[in-house]
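Residue numbers are given in the numbering used here: position 429 of the sequence shown equals residue 1853, and the series is strictly consecutive.
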Amino acid sequence: MPRPTRSFSRRVLLSQLAVIVVTLALVTGVFAWMGGRSVTEVTETEALATARALAVDPEVRKGSTEASAQPAGQADEAITSPLLEITDDLRASSGIVFAVITDDRGIRLTHPDRDNIGKRVSTSPEEALAGRENISHERGTLGETVRAKVPIYSTADDTTVVGEVSVGIHASVLDADLRREFLVLGSVAVLALAIGVIASLALGRRLRRETLGVGSEELAEMARDQGAVLRGLDDGVLAFSSSGVPTLTNSTAEQLLGIAHVEAGTDADRDSDAPSRAEVPEVIRRMMVEAPDHGALRRRVNVGDRILLATAVRVSRDGVSVGGVVTLRDETQVLTMARQLESVTSMARALRTQRHEFANRLHTVFGLVDTGATDEARNYLATILRTGPIATPVEGIEVISEPYLRALLEAKGTTAAEVGVSLSVTPDSLVLGRVNEPEDVTLILGNLIDNAVRAVVTDAMGGMGDDADRTDEVFGRVEVTLLGSGSELHAVVTDTGGGIEDADVESIFDEGVSSADDLDPDHGHGIGLALCRRTARRHGGRVWLLAGHDPVLGGAGFAVHLPDALSDDTDDKERYDQRSGSRR
1425 MPRPTRSFSR RVLLSQLAVI VVTLALVTGV FAWMGGRSVT EVTETEALAT
1475 ARALAVDPEV RKGSTEASAQ PAGQADEAIT SPLLEITDDL RASSGIVFAV
1525 ITDDRGIRLT HPDRDNIGKR VSTSPEEALA GRENISHERG TLGETVRAKV
1575 PIYSTADDTT VVGEVSVGIH ASVLDADLRR EFLVLGSVAV LALAIGVIAS
1625 LALGRRLRRE TLGVGSEELA EMARDQGAVL RGLDDGVLAF SSSGVPTLTN
1675 STAEQLLGIA HVEAGTDADR DSDAPSRAEV PEVIRRMMVE APDHGALRRR
1725 VNVGDRILLA TAVRVSRDGV SVGGVVTLRD ETQVLTMARQ LESVTSMARA
1775 LRTQRHEFAN RLHTVFGLVD TGATDEARNY LATILRTGPI ATPVEGIEVI
1825 SEPYLRALLE AKGTTAAEVG VSLSVTPDSL VLGRVNEPED VTLILGNLID
1875 NAVRAVVTDA MGGMGDDADR TDEVFGRVEV TLLGSGSELH AVVTDTGGGI
1925 EDADVESIFD EGVSSADDLD PDHGHGIGLA LCRRTARRHG GRVWLLAGHD
1975 PVLGGAGFAV HLPDALSDDT DDKERYDQRS GSRR
């Protein structure tokens, strides 16, 4: 592992240094060219300005005009002396190498070397004598210079050229200025290179520290392994930073939470109607805050129509928290099947009880017939027909003929009686037809009845204290109203428990939050109501709180509406009509 790390850091450092060197070379070259050009232009401008100033001087114009009128090379001292005085003063004050004044034939009237006066200039004066200014780098009698040549116009008019002014600045002066410019640029480049090397070394150390000493190949392999693991998990996975911000999700978590796989703040995030990764439910964010430093925090949460088992684990390195991970498992189907199995088991237990009692009654009838006591057998059967096939702890159960609903009520009535709660069906209940989805219908009604029974017992125990004698004690009752309207099934479950306070009305159908030891909290705050609501919604129905405190019983009242839950049954209608006729 150390070797790949050093190799990776060295490659990063060399790459950065190469980039810095190439960049500095390009920048230094460009600035050197620009600086050299600027210095050259300044020198040329200085020479040209000096030549222009000298060409418009009245004494210079007068001297050149007079010299042009004389034979070539025969200008007298009276003409050249004032001009020499002017050029000597100019050379002394401005630092130029020379300032040469000529007549219209290119014959020198002034020169630093007096022996050259009266001779033709060494460089061509044609441009200036033609009335055009000229700047050039040329070699003459005084060496290589930057020269500016400007025409001199006659004093009689401003159109006749009577000579030229040639001002020169030594190329060595220009070279000295360029060397100074390049020295400054070189110093800056070396300083920038030193800063770049130091910054690269610091960045390399930080890179090794932040990558935990892992090289690029290992990082790539870890990223591939991470992607494979996340895609291969059936559970949802969310990773959080130390500040509680979601940093990583797999597709299962996104599907379970209904969030979009886009980064917060991107164009895709702004254009998408789906919530982004940043909109993870608050209950899951809160779990990361409440999770212990050692161990895991488990809770059941309700997200949409799903019931998820969330497990939050903190991740630390060297005692410092670096974030956490939350795993999500969809338990909706499992819990739904468990509740359905519980309802079916209760009904099966009730059916076994009925079978046992029916067998006992049939044995009695068989014994009476076998002994010839036909009258007693007839009277016994008549009694059974009047009282019903079985003694049930559910008051008013005779108004319900639907087999699944009746079996459920009888099973729940038996369970309720065991804990001292009376279960009854209201006289105005009426269900004609057969239940289409018995598992889902019994799941919803069974959960509501279980919650109501638990609420009655909890309220009674709270009022009686821990030392109360609960033997053969009736704590309260639960009433169930069932009404069928065509294919619709309506139900109301009320109890004599403590009811639901106004502050809890809005939260009773929220996510079920449970500890590891108690996965089903009391009366509406666990997973039962969440399952009921989800199951009802799947069939286009709903479950809602009808009253926090029923005006008659005092406890909570829940209502159910399930469309298309019943199918028409002609036999049930005929039995209802016969029963109504016999009552009349």
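Virtual Cβ for every residue (Gly too), placed ideally from N, Cα, C.
| query | result |
| --- | --- |
| Inter-residue Cα distance where the pair is Ala1734 and Arg1710 | 12 angstroms |
| Endpoints, alpha helix (DSSP H) assigned at Gly1910 | Here Gly1910 belongs to no alpha helix (DSSP H), and DSSP marks it neither H nor E. |
| Run of the alpha helix (DSSP H) containing Ala1516, from where it starts to where it stops | 1501-1518 |
| C-beta contact flag for Thr1850 and Gly1870 at 8 angstroms | no |
| Buried versus exposed, by CB contacts within 10 Å (16 or more), Arg1830 | buried |
| Close Cβ partners of Leu1680 (< 8 angstroms) along its chain, the five nearest in sequence each way excluded | Gly1660, Val1727, Arg1730, Leu1732, Leu1752, Asp1754 |
| Nearest-angstrom Cα separation, counted from Ser1518 out to Glu1465 | 17 angstroms |
| For Lys1486, three-class secondary structure by DSSP | helix |
| Same chain, Cβ closer than 6 angstroms to Gly1921, neighbours up to 5 away in sequence not counted | Ala1879, Val1880, Asp1883, Gly1979 |
| Cβ contact check for the region 1601-1614 and the region 1533-1546: 3 or more pairs under 8 angstroms | no |
| Anticipated Cβ contact below 8 angstroms, Leu1625 with Leu1438, distance rounded | With 8 angstroms as the limit, Leu1625 and Leu1438 do not qualify as a contact, their Cβ atoms being about 12 angstroms apart. |
| Best match in Ile1824, Gly1719, Ala1835, Thr1866 for proximity to Ser1853 [C-alpha to C-alpha] | Ile1824 |
| Same chain, Cβ closer than 6 angstroms to Arg1966, five either side skipped, listed in chain order | Ala1960, His1985 |
| Same chain only: Cβ atoms within 7 angstroms of Val1929, ignoring 5 sequence neighbours per side | Leu1969, Gly1972 |
| Cβ pair count under 8 angstroms reaching 3, the region 1826-1845 against the region 1793-1809 | no |
| Status (buried if at least 16 other CB within 10 Å, exposed otherwise) for Ala1552 | buried |
| Exposure label - Arg1694; buried when at least 16 CB within 10 Å | In this predicted model, Arg1694 has a pLDDT of only 39, less than 50, meaning its place in the structure is not dependable; the value taken from the coordinates is given anyway. Under this definition Arg1694 is an exposed residue. |
| Best match in Glu1562, Thr1511, Glu1588, Pro1705 for proximity to Ala1491 [C-alpha to C-alpha] | Glu1588 |
| Host beta strand (DSSP E) of Pro1670 (start-end) | 1670-1673 |
| Cβ neighbour criterion (16 or more within 10 Å) applied to Arg1485 | buried |
| DSSP state of Asp1537 mapped onto helix, strand, coil | coil |
| Counted within 10 angstroms of its Cβ, other Cβ atoms place Gly1719 as buried (16 or more) or exposed | exposed |
| Buried versus exposed call for Leu1955 [16 or more other C-beta atoms within 10 Å across all chains shown] | buried |
| Beta-carbon proximity of Thr1918 to Asp1974, cut-off 8 angstroms | yes |
| Start-to-end residues for the alpha helix (DSSP H) that takes in Val1707 | 1706-1714 |
| Cβ distance (whole Å) where Leu1472 is taken to contact Ala1523 below 8 angstroms | Contact doesn't hold; Cβ gap of about 13 angstroms is too wide. |
| Ala1860 in three-state terms, based on DSSP | In the sequence under discussion, the amino acid at residue 1860 is Asn, which differs from the Ala named in the question. Coil. |
| Alpha carbon of Arg1563 to alpha carbon of Ile1593, nearest angstrom | 11 angstroms |
| Ala1971 in three-state terms, based on DSSP | strand |
| Beta strand (DSSP E) segment containing Glu1588, residue limits | 1585-1594 |
| Beta-carbon gap between Asn1860 and Ala1989 smaller than 8 angstroms | yes |
| Counterpart residues of His1718 in DSSP-defined beta bridges | Looking at the DSSP assignment, His1718 forms no beta bridge with any residue, so it has no partner. |
| Gly1530 versus Val1521, Gly1682, Ile1541, residue with shortest Cα-Cα distance | Ile1541 |
| Other residues of its chain near Ile1622: CB distance less than 8 angstroms, five sequence neighbours each side excluded | none |
| Alpha-carbon to alpha-carbon, Tyr1828 and Pro1862 | 7 angstroms |
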